[in-house]
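Let me begin by presenting the structure, written as structure tokens, before commenting on it.
Here it is in structure tokens:
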């Protein structure tokens, strides 16, 4: 590399947090795969029919500030309770897949129980507006958003820097 060019990456990347994904479906598996590529440790939790349940796992493994929690199925049993549990932790990124209409319902259900600052941490619908429809494209938008949030960025195009 030329002495005049800046290296676009850092060799000293601090340890990244976990990406905890609930539900084992095509989007969830794609989020895990992409998150691993960008250096995140991942946990893929199936739905409620297994032991430990996602709620039990979260109780045993509290979310830290560097962690992300991604709900990949808005029909997961106990979804609102899981989101409350994730938001009660310190996770820097908490998100759920779903339409804007579904997002309104989630915020309405949680609004009575959570303060505005806590609700502001919830990303619903999850991901950046890339227009992607395939599981991998959706997962890419979600991981891009969680990386941006973890670096204090909004995820906009590099050309607008």
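Residue numbers (my numbering): 4 to 164.
Heads up, the beta-carbon is just placed ideally off N, CA and C, and yes, glycines get one too.
So who's on the other strand from residue 82, going by DSSP bridges?
For residue 82, DSSP records no beta bridge to any residue.
Any idea what DSSP makes of residue 131, helix, strand or coil?
DSSP places residue 131 outside both helix and strand once states are collapsed to three, so it counts as coil.
Residue 100 burial status per 10 Å Cβ neighbour count (16 or more: buried)
With 16 or more other Cβ atoms within 10 Å, it is buried.
Check whether the Cβ of residue 76 lies closer than 7 angstroms to any heavy atom of the ligand PLP, and answer yes or no.
Within the structure as shown, the ligand PLP is missing, as the structure has no ligands at all.
C-alpha distance - residue 23 paired with residue 63, whole-angstrom precision:
Residue 23 and residue 63 have their C-alpha atoms roughly 13 angstroms apart.
DSSP puts residue 71 in a beta bridge; with which residues?
Beta-bridge partners assigned by DSSP to residue 71: 22, 96.
Under 8 angstroms, do residue 32 and residue 47 count as touching if we go by C-beta distance?
Closer than 8 angstroms, so yes.
Per-residue burial, residue 175 [other beta carbons within 10 Å of its own, 16 or more giving buried]
Because residue 175 is not part of the residues shown, which for the chain are 4 to 164, the question remains open.
Which of helix, strand or coil does DSSP assign to residue 44?
Correct three-state label for residue 44: strand.
Please confirm if the stretch 109-119 is in contact with the stretch 83-90, defined as three or more CB-CB distances below 8 angstroms between the two stretches.
The stretch 83-90 and the stretch 109-119 touch, with three or more beta-carbon pairs separated by less than 8 angstroms.
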